[in-house]
Structure formats: structure tokens, C-alpha cells
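Line by line, the protein sequences are chains W and A. Here the first sequence is numbered in the numbering used here, starting from 1054 and rising by one per residue. Here the second sequence is numbered in the numbering used here, starting from 1054 and rising by one per residue. Glycine included, each C-beta is placed from N, C-alpha and C at the ideal position. What you are looking at is a predicted structure, and each value in this text was computed from that prediction instead of being measured. For reference, the structure is listed below as C-alpha cells.
There are 2 protein chains.
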Amino acid sequence: MGIKSRNITAVPHRVKVQERWRVNNHKGGVLWFTGLSGSGKTTLAFELEKILFSEGYHAYVLDGDNIRQGLSSDLGFNHEDRTENIRRIGEVAALFTGAGTIVLSAFISPYRSDRSLARKAVGESFHEIYLSANLGICEARDTKGLYKKAHNGEIPNFTGVSAPYECPTSPDLTIDTENLSIEDSTTFLMHYIKRVFKM
Amino acid sequence: MGIKSRNITAVPHRVKVQERWRVNNHKGGVLWFTGLSGSGKTTLAFELEKILFSEGYHAYVLDGDNIRQGLSSDLGFNHEDRTENIRRIGEVAALFTGAGTIVLSAFISPYRSDRSLARKAVGESFHEIYLSANLGICEARDTKGLYKKAHNGEIPNFTGVSAPYECPTSPDLTIDTENLSIEDSTTFLMHYIKRVFKM
């Protein structure tokens, strides 16, 4: 996409992100969780945020709760709006990365091309984490009662029911949340985080 | 504005912002600089970011450079686009505030109603800082050569030349950047910041 703004003078941030890493004692970046509703994105993101915080990391969750009611409150769930929603989240994740934070983003983000754009906005510190759980399992869990509503036609464009989900073709990490417990998934992810955001 | 998303379950952040303040040893919030092009917004924001960082604060600048080429790259400078730009920045500032950061936002933000909306998004930790310098002074400085271009008709909708600027009616703080040096303005603002973001 082109940039509509011209006459913007690029003023570099006076504080380099590497200096922030040094003070924080870890690098910043994005763990981009993707998967069906019910695959565990929000649960794992909050669990990790809590653990990371207690261990002195700077981490922050972006999820439907703090994005859909604010930054993306003007967007719905058709393809175009979903694409714009994920574009904005990618850009916000890039800003937090610039501030040295580890972002845990918990959105279905069903389209490959949207996730690619988010990766492009953030750069090399973007990690696509695929939470793999099949539709049957997610429907059976139905933690928020959304699948039932979707099948009753109360929610249009619901991923897995009336809208597509495009699995990652080469995610940085896959977590089999169909078979792993929350605790095991968290332990596995903490190992990954400590490795990739290590100074 | 209404919220288009329904069926979003509100999941509270597991890490409370007050816990982040305690670890950071300061509160989070927003210094929202407003004023004409050339009034010193970006200069002061980066100067303060540098000082705050060196004193152990968590601070981050939002400015045209990191917003207009990313999150708001689809927006121009007509009234409607400016309003949407400021709305998005207000929401991003609210997210950073939720993460415990002190945001220094450096945008002309010429419309009172837009600044009001940003305040509403952030809440009580929003501080409107008016950088007061009259148009003649700003035109004379013309640090980026933009006023000259605007007068030549090369930039449409340029605040102060071909688009309005609505002065704050009750800013939280006014800095007379027409008469104060950068150093004095910075000193003054550091006192303010230490007071309002104190634990």
C-alpha cells in the first residue's frame, strides 16, 4: 500500500531500541498467535504475560478486548474489515516492538496474506505461532458459546463455520493445543521466548 | 462512535496496570503535545524521551514518523482523515498507557473535538500540553520548509495556512515555546512529569 502522507520529515528516535533491550535485559518482538476460536490464543497469551511479568520481562497482550472496542471499533468481520483490523494490529505490534516490549497478539487472523503483512510491518522479530487444534475440538470446547451461535446463524462470517481459516504454511512454531495442556504449552513457549528474545 | 464488534468476550488483563507502575516505579499516561507545525512538539518529545530513558522511566514517542508511514498510511490530511488519524493515535496511546508507559505524542491535532476523543480514550492520565507559539514565529522558523511549500500551494490543508488550528481552551499545561528555550521548556516539563506520574 502506498503512503498518503508526504512532507513528513523522518526524525529518528533518539533512544535506540537496542538501548531499551539493554536496560530491559531482553529483546522486544512479537509472538503472533493464530488459530481458530477456541484454540487457546487468549488463554495462552494472558498466561504467558503473567509469567513473563513475574520474571521481569516487559510484555503486553493485544487481543480482541483491547483492540476491537478501541482502535478497530469501526470495523466488522467481513474480509475487508478483517484485513484492515490485522493491518492495524501489525502496525501497533511494530510500535510496541520499537519500544522494546514483547507483544503477545491473540487474534484468529485467518488470512495468510494479512499475517504476511503483519510480519512485514514488524520485521525479523515477528514470530508466527500456530495454535493447532481441529475444528471439532474447538467446537466441542466452545468456551464462549460462539460456535453454537454461529451454527444458529446468529454470527455471520464466523471463522471455521461461515468464513475460511488459512493454516500457516511455515509458522515459526506450532503448538498442538489439541493434545497439550495449557501448562505444557506455556512451558514450551517460555523456553522458546527465552531463547529468541535473549540478549 | 458505536462498536461494530459483538460477541467479544471481555477477558481482563491478568497483569494489572498498577502492578506495572510498581515495577516501573512510575505511573503511565500520555503527554499529548498540540500546537502548530514548528512549535516544538517533536523536538521536545524526543528530548524528553531521551532524558526520561536515562533516568529509568519507560517512555515512548508517537509522532508523524512512526504513525503516518504505518498505522495511518491510508490517511491524508483532509478534515475527516485527520480526525481518524487522531482517533487511532488516541487508541494507541491508551494501549501504551495500559502497558504502563509514558507516551509523548507529537501531532498538530488541530481540532478540539479530536483531542477530546483522545482524552476520552486514555482517561484521567491524559495531559494536554499546548505548545504556544504564534504563526509568525513558526513560519519564520520553518524548520522543515513546509510553510514555504504551503504558501506556494504545494501542500494543501496545511494547518495555519490553509486549514484551521483550534487552540486548547483549558490545556493541562501551556509551554510558551515562543519565548522559552528548548532547555528551559524541557526542564519545566520534567518537573511536571515527575509530579504527575509519581507513584
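* If you scan the region 1104-1187 of chain A from start to end, which runs of the beta strand (DSSP E) of 3 or more residues do you find wholly inside it? -> 1112-1116, 1155-1159 and 1179-1184
* Asked: Taking V1170/A as the reference, which of H1204/A, I1120/A, G1143/A and T1095/A has the closest Cα?
  -> Checking the sequence shown, residue 1170/A turns out to be Leu, not Val. It is G1143/A.
* Would you mind stating whether V1156/A and L1115/A have Cβ atoms separated by less than 8 Å? => Yes, they are a contact pair.
* Would you mind telling me which residues of chain A sit closer than 8 Å to G1123/W, beta carbon to beta carbon, in chain order? => E1144, A1147, L1148 and A1174
* **beta strand (DSSP E) segment containing G1086/W, residue limits** => Reading the sequence as shown, one finds Phe at residue 1086/W and not Gly. Here the beta strand (DSSP E) through F1086/W covers G1082 to T1087.
* Taking 8 Å as the threshold, find out whether the region 1076-1086 of chain A comes into contact with the region 1120-1130 of chain W through three or more Cβ pairs. => no
* Cβ of I1235/W less than 8 Å from any chain A Cβ? -> no
* Compare the C-alpha of K1069/W against each of S1090/W, F1160/W and T1150/W and name the closest. => With distances taken between Cα atoms, K1069/W lies closest to T1150/W.
* Using DSSP bridges, identify the partner residues of T1227/W. => BP columns for T1227/W point to Y1183/W.
* Within 8 Å (strictly less), CB to CB, does V1068/A reach chain W? -> yes
* Are the C-beta atoms of E1102/W and some chain A residue less than 8 Å apart? -> Residue contact with chain A for E1102/W: present (Cβ-Cβ distance below 8 Å to some residue of chain A).
* **Within-8 Å CB hit, F1086/A to chain W** => Cβ-Cβ to chain W under 8 Å: no for F1086/A.
* Asked: Around the C-beta of P1209/A, are 16 or more other C-beta atoms found within 10 angstroms, so that it is buried, or is it exposed?
  -> exposed
* Quick one: grab the DSSP three-state call for T1096/A. => helix
* Out of curiosity, what's the CA-to-CA distance linking E1108/A and A1147/W? -> 25 Å
* Asked: Is S1090/W closer than 8 Å to H1242/W when the C-beta atoms are compared?
  -> Reading off the sequence shown, one finds Leu at residue 1242/W, where the question assumed His. No.
* Assuming C1220/A and S1092/A make a contact with CB atoms under 8 Å, what is their CB distance in whole Å? -> That pair is no contact at about 11 Å.
* **K1247/W classed as buried or exposed, judged by whether at least 16 other C-beta atoms fall within 10 angstroms** => By the neighbour-count criterion, in which a residue is buried when 16 or more other Cβ atoms sit within 10 angstroms of its Cβ, K1247/W is exposed.
* Asked: Got a sec: is the Cβ-Cβ distance from Y1183/W to anything in chain A below 8 Å?
  -> no
* Asked: I1196/W by DSSP, collapsed to three states: which one?
  -> Position check: residue 1196/W holds Thr in this sequence, whereas Ile was assumed. Note: T1196/W maps to coil in three-state DSSP.
* Simplified DSSP assignment, three categories, for T1222/A -> coil
* Asked: Where do the ends of the alpha helix (DSSP H) carrying T1239/W lie?
  -> I1235 to V1249
* Residue interval of the alpha helix (DSSP H) (run including E1207/A) -> Annotation for E1207/A: no alpha helix (DSSP H) segment contains it, and DSSP assigns it neither H nor E.
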